[in-house]
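Numbering (my numbering), first residue to last: 3 to 795.
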């Protein structure tokens with residue numbers, strides 16, 4: 003818009019004389035009033051045009067105008083200060099001769115103005131317009147001045163833009179900001195320098211190893227850092243900070259103390275699973291306990307003390323012998339109770355493996371379990387194993403991670419009715435060519451003619467995508483022939499009220515083992531789930547466990563299909579509703595219970611025949627039902643709201659272009675209904691919003707799960723959020739930073755008192771609105787609408 007308004011501008015014709023800042027202040031007052039009323043209209047452009055055309059030095063004058071804007075120092079693009087610099091950029095494009103005014107004085111003013119911006123976008127615009135990258139000495143002199151005045155935040159802004167990292171150590175900029183609880187600003191500086199990332203993370207890890215965070219305060223005193231704010235820092239939050247930075251910069255290998263603490267926490271977790279819950283088998287326990295303590299004599303002692311605390315004295319003897327630990331190194335109470343002459347490797351524990359009859363067993367012989375661990379075996383799997391395959395079960399395994407590194411996929415299990423293929427990713431990723439990886443993707447992972455059953459598929463698909471980067475694209479549970487039985491289970495139980503053959507234990511939860519028990523009568527034995535899946539060769543019971551996890555999906559699918567047939571529900575249509583596009587719906591017309599009970603003012607034939615998941619629904623609310631639209635967003639439904647009166651043709655065009663169902667109320671319904679496809683518009687009859695929600699859900703046959711609740715921003719409809727900790731919010735408040743990763747954060751709406759009660763905030767990436775767990779959740783759970791929500795995935 004700016005470009006075409008200035009395309010025919012007159013040549014820059016500067017007036018004589020000096021720039022008077024008092025006059026600029028008065029002029030800016032009028033500019034601000036005009037901008038407040040009309041924003042970027044033609045009058046605004048003309049006023050800016052005239053001012054710059056007649057300026058003796060437009061570079062300096064633009065900076066003074068920017069600095070005198072009322073909103074200078076506020077973040078975001080919706081400010082007059084931001085618009086001034088944007089328009090100055092367009093003006094420069096049409097007035098090349100003005101570049102002669104970019105002198106030392108203009109650059110110095112720009113250098114000193116940048117630290118005051120408090121906005122990364124505006125600061126970057128000024129930096130680029132004034133060509134400051136070519137002035138490293140000027141930049142450094144201004145940064146040095148700021149550091150002398152202990153203005154670390156201001157110094158950081160300029161040093162980061164100027165890429166002056168090599169001139170400053172972490173103790174000069176990043177560490178003081180951290181000590182002032184301005185971690186986010188410090189990270190902006192760190193993001194531009196791997197060397198500084200390593201230096202700071204290693205420094206913090208050393209302090210973590212001292213088990214005394216007061217050392218941070220002592221370090222700050224030695225550096226003469228002013229205004230330190232370490233009141234909110236405790237050992238737990240400090241460990242989280244080190245962990246987050248090490249993960250962000252992928253420096254886990256440089257954090258021995260953090261890794262040791264993580265392994266210690268994992269060790270206590272495993273002790274509980276082994277001796278209290280009894281849900282981890284002996285071999286898995288020994289593998290994973292060894293992984294946690296093998297590199298640390300201190301943790302080996304911790305392991306022995308922990309095992310001793312549970313009264314497993316024979317296990318104590320086993321671990322002492324394994325690590326050849328002198329008895330004299332053990333605590334006295336442990337020494338007094340051990341018998342190193344015991345021949346038993348481990349004390350018997352009443353675990354799952356001792357009660358095999360209680361758990362589902364794999365109905366296939368070991369000869370039907372085929373390990374695919376070389377390129378030739380992959381080719382054989384694709385050519386012969388998948389020949390004629392139309393239905394498979396798929397699952398994945400990975401070794402639990404104790405440190406900051408994300409777990410690496412180790413195994414993919416693909417089950418056919420008579421065989422299970424175990425794709426050994428740990429071995430294959432070393433010698434699998436890109437061509438063969440693409441072939442694996444095209445013939446299996448993206449092959450929609452093969453229906454691939456999974457449970458909690460999204461997690462597995464992300465892991466597969468990460469470990470096989472050349473597979474040929476992004477895996478999507480809704481594309482390529484996938485069916486998540488977890489989603490299908492929820493839909494069958496809550497929408498169609500399908501009864502399964504067996505009843506699970508009350509404490510069984512919503513996992514795969516519970517569904518197996520309800521379909522097949524026995525749960526899964528999960529004692530090998532928490533084991534070392536990267537160790538080769540795999541144990542026989544690991545192979546059997548992995549194969550059963552994939553094969554049971556085929557058994558479940560068969561039972562669910564039978565239950566639907568016996569209870570009068572078309573199984574293929576339910577599968578489509580749950581996300582499968584592989585099977586065409588049956589010609590048989592059988593109404594679901596939800597449809598049978600959904601009688602209303604509109605004939606049922608006008609409604610969509612299949613269930614629509616909330617995450618896939620797209621709605622449009624006209625001006626008559628704006629409040630309803632915000633409530634639908636609360637349910638995680640993509641809902642656009644027309645807030646101002648518009649022509650009906652606009653609403654119709656928007657609904658058609660974006661494939662949205664339209665919601666209205668009153669006389670407008672008939673006009674909308676005549677222009678939109680049948681069943682694509684609803685006329686709301688109730689005056690009460692909760693009843694209106696019920697009308698919409700029934701009419702469009704939308705099912706909402708717990709995971710959908712509050713999954714969208716009620717203000718702007720955005721479905722993407724970022725999580726900020728309490729300490730990060732406090733840091734932004736104290737440092738006047740209004741942005742995080744380019745998103746303005748509206749933390750001014752968070753009561754200060756709340757910061758002592760809430761650990762984590764969800765921030766909308768669209769508008770910056772902040773959300774947290776509070777009484778609104780309890781109010782929703784008490785509402786009528788909550789009764790219609792399905793169990794969470």
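Note that CB positions come from ideal geometry on N, CA and C, so glycine has one too. Computed from a predicted structure; not experimentally measured.
Item, Value
"DSSP-derived helix/strand/coil call for residue 584", "Bear in mind that the predicted position of residue 584 carries a pLDDT of just 33, short of 50, making it unreliable; the figure below should be weighed with that in mind. Note: residue 584 maps to coil in three-state DSSP."
"Residue of 636, 382, 667, 329 minimising C-alpha distance to residue 689", "667"
"Beta strand (DSSP E) runs wholly inside the stretch 620-681, at least 3 long, in chain order", "620-623, 640-643, 663-666"
"Counted within 10 angstroms of its Cβ, other Cβ atoms place residue 268 as buried (16 or more) or exposed", "buried"
"Residue 365 at chain B interface by Cβ criterion, 8 angstroms", "Considering every chain present, this structure includes no chain B. It has just one protein chain."
"Extent of the continuous beta strand (DSSP E) run through residue 362", "Premise fails: residue 362 is in no beta strand (DSSP E) and is neither H nor E."
"Runs of alpha helix (DSSP H) wholly within the stretch 77-118 (minimum 4 residues, chain order)", "82-96, 106-115"
"Span of the alpha helix (DSSP H) around residue 29", "23-40"
"Three-state secondary structure assigned by DSSP to residue 74", "coil"
"Nearest to residue 800 (by Cα), restricted to the options 700, 321, 695", "With the chain covering 3 to 795 only, the question about residue 800 has no answer from this structure."
"Assigned exposure category for residue 185 - 16 Cβ within 10 Å defines buried", "buried"
"Neighbourhood of residue 429 by C-beta, 8 angstroms cutoff - its chain only, sequence neighbours within 5 removed", "375, 376, 538"
"CB-CB length for residue 1 against residue 555, believed under 8 angstroms", "Summary: the structure shown does not reach residue 1, with the chain confined to residues 3 through 795, and so no result is reported for it."
"Closest Cα partner of residue 723 within the set 526, 247, 693, 771", "771"
"Identity of the residue in 104, 458, 63 nearest residue 25 by Cα", "63"
"For residue 287, the residue or residues it bridges with in DSSP", "None; residue 287 has no bridge partner."
"Cβ neighbours of residue 39 in the same chain (closer than 7 angstroms, five flanking residues each side left out)", "none"
"C-beta contact flag for residue 643 and residue 628 at 8 angstroms", "yes"
"The stretch 527-537 touching the stretch 481-499, judged by at least three CB pairs closer than 8 angstroms", "no"
"Nearest candidate by alpha-carbon position, reference residue 544, set 785, 557, 306, 527", "527"
"Residue closest to residue 339, alpha-carbon to alpha-carbon, out of 331, 314, 361", "314"
"Cβ-based burial, residue 69 [other Cβ within 10 Å; buried from 16]", "buried"
"Check whether residue 128 and residue 87 have beta carbons under 8 angstroms apart", "yes"
"Burial state of residue 308 (16 or more Cβ within 10 Å)", "buried"
"8 angstroms contact criterion, which residue 103 and residue 139 should meet: CB distance rounded", "No, residue 103 and residue 139 are not in contact; Cβ-Cβ is about 21 angstroms, not under 8 angstroms."
"Which listed residue (730, 669, 791) has its alpha carbon closest to that of residue 240", "730"
"Beta strand (DSSP E) segments (min. 3 residues) lying fully within the stretch 714-770", "723-727, 762-766"
"Reference residue 266, options 404, 29, 561, closest by Cα", "404"
"Neighbourhood of residue 787 by C-beta distance below 6 angstroms, restricted to the same chain and skipping five residues each side", "692, 695"
"8 angstroms Cβ cutoff met for residue 427 and residue 414", "yes"
"Cβ-based burial, residue 160 [other Cβ within 10 Å; buried from 16]", "buried"
"Cβ neighbour criterion (16 or more within 10 Å) applied to residue 380", "buried"
"Reduced DSSP secondary structure (H/G/I, E/B, other) of residue 321", "helix"
"Meets three-Cβ-pair contact criterion under 8 angstroms: the stretch 757-775 and the stretch 457-472", "no"
"Rounded distance between the beta-carbons of residue 82 and residue 116, thought under 8 angstroms", "No, residue 116 and residue 82 are not in contact; Cβ-Cβ is about 18 angstroms, not under 8 angstroms."
"Residue range of the beta strand (DSSP E) that includes residue 415", "411-417"
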